[in-house]
Structure formats: C-alpha cells, structure tokens
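So the mapping is simple: the numbering used here equals the position in the sequence shown, first residue as 1, plus 806.
Each residue gets a CB set at the ideal place from its N, CA and C atoms; glycine is no exception.
In what follows, a structure is listed as structure tokens, so that the remarks can point back to it.
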Amino acid sequence: MEQLYNFLLLYHLLAFVLFPLDSIAAIYGVLFLFLAGSGAGLPVPEEVTLFVGGYLAHTGATHLFSTIYVSTLGLLAADVIGYHIGKYAGDWVYHTVLKHSPYLVSLIAKAQKQFEKHGEKMVIYTRPLMGIRGAVPIFAGHFGLNFKRFMMYDILVSVPWAILLISISYYLGTGIDLITETREIKHIMYAVIALALISYSGIQFIKKQRAKIANGNGNG
C-alpha cells in the first residue's frame, strides 16, 4: 500500500512539474532526463515518467509517437549509464553505498542470483520489476557482459515496454484529469503535493529515528 501511495505521489508531482512548460521540446527534454536519470539513481520509477508521458500526449501537449521515441531513448540511456557504472565503479558503489543498507544488500543478492542463472536474458525478465531492474545493468557491466549483446536485449524489451505503458495512459486517459482539472487549480494542488511530501518525509524521518533507537537498545 505504501509503495502504491509513493507511486501515485511521484506520478502527480512529475505531471505538475511538466505541465507549466510551454515548449514541447522542453517537455521531451525533461521526460528524457527523468528516464535517463534513473540509471544514475534518480528515485523516480520509470513507470511514473512513462505514464505521465502518455497522459501528456493524451492531452495534446506532446505527440504520441515522439513521446514513445524520446522515452525509449531515455530508457536505453538509463541502462547504458547503469552498465558503465557497474563496469567502472561497481566495487566502489557497493562498498561505499549499498552495503550499508540491509534492504539494498538483500535486493542486490536476489538480482545477482537471478543474473547468474539467466545471464543477459535478465534484462528482459526484470524490466517490469521495480528496483531489481535498476541493478541489472550495473551487474551486466560489473560482470563484463558483452555490451552489444546487452544493448540488443535492452532494445528488445525497452521498445515494447515504452509503447505499452505510454499507450495505456494515452488511450485510457488515466491519471490527473480523473482527480482534478490541473490547469485550473494547479496552484492549490502544488500546495497539496508539497504538504504530502513534507508529511511523507517527516514520517520516514521518524521511522529511521525509531529504527536507530531500537538498534541501539538491541546492541546495548
């Protein structure tokens, strides 16, 4: 339930960031950067950006086929970034960042096990799996998977993935207009989103503090 809440929150936040942009080129640029940035650790699920891209095309703010094209390039760019992070900085990332989080260590261990079992096909199998798919390009680079083979499988799955999610949002018209007319009460919704983000951050901070206290008591 919490993951669904976070997903919807990010979906609406990204949509409201994009709607004020008057230039269609700027919208495409932001969509691309959000998708490509996920390969460098930007905490915005690609599903959110793809759904927003489809919705923007649905409203006429962008063109459907151009949105699919730009989004696919963004997905591929994210995985290329992840691949090279794994190739050139995989050990550093693990020892300085990942190993300090039990959740991430567990997640990566699962991804590594599946990667060793399925090899480059993991690029296809894990595309719908939020979290795990982000580790796959890093493992591909770290374990020395042939880059051309990696990109071949990545293209095979990224194109239909972008088409599917963007088309769902485009043809069903789902998303923001089911909740509010964004252009009319946009500023009110900005305040609501800001309040939601502050509340969410506060809750996460309290949870972390409680966890630290619990760990301290356990060690004592």
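Asked	Found
Could you tell me if R933 is buried or exposed, where buried requires 16 or more neighbouring beta carbons within 10 angstroms of its beta carbon?	buried
Nearest-angstrom Cα distance between F953 and R1016?	44 angstroms
Could you tell me the alpha carbon to alpha carbon distance between K893 and I944, rounded to whole angstroms?	7 angstroms
How long is the line joining the alpha carbons of Y875 and F956, rounded to whole angstroms?	20 angstroms
Quick check on DSSP: helix, strand or coil for V850?	coil
Assuming I938 contacts G859 under a Cβ cut-off of 8 angstroms, what Cβ separation, rounded to an integer in Å, is found between them?	Contact flag wrong, Cβ pair sits at about 23 angstroms.
What would DSSP say about F949, mapped onto helix, strand or coil?	coil
For A832, count neighbouring Cβ atoms within 10 angstroms of its own Cβ and tell me buried if that reaches 16, exposed if not.	exposed
Run through DSSP, which three-state label would L879 get?	helix
Can L962 and E926 be called in contact, C-beta distance under 7 angstroms?	no
Here's a check: name, in chain order, each residue in its chain whose Cβ is nearer than 6 angstroms to the Cβ of T878, leaving out the five neighbours to either side.	S964, V965, A968
Under a three-way DSSP split, which group does T865 fall into?	helix
Look at the alpha carbon of A915 and the alpha carbon of F921, and state the distance between them as a whole number of angstroms.	10 angstroms
Is the beta carbon of M928 closer than 7 angstroms to that of V942?	yes
With burial defined as no fewer than 16 other Cβ atoms inside 10 Å of the residue's Cβ, what is the status of H901: buried or exposed?	exposed
When we look at the beta-carbon of F871 and count the other beta-carbons within 10 Å, is it buried (16 or more) or exposed?	exposed
Quick check: the segment 863-870 against the segment 880-888, are there 3 or more CB pairs under 8 angstroms?	no
How would you write the range of the alpha helix (DSSP H) that L837 sits in, first residue to last?	830-843
Excluding the 5 residues flanking M936 on each side, which residues of the same chain have their C-beta closer than 6 angstroms to its C-beta?	P851
I need the straight-line Cα distance from A846 to P908, nearest angstrom please.	20 angstroms
Tell me whether V911 is buried or exposed, calling it buried when 16 or more other Cβ atoms sit within 10 Å of its Cβ.	exposed
Using three-state DSSP, classify G860 as helix, strand or coil.	helix
Where does I985 fall in DSSP's three states?	Only weak support exists for where I985 lies, its pLDDT of 48 falling under 50; the coordinates are left without a value.
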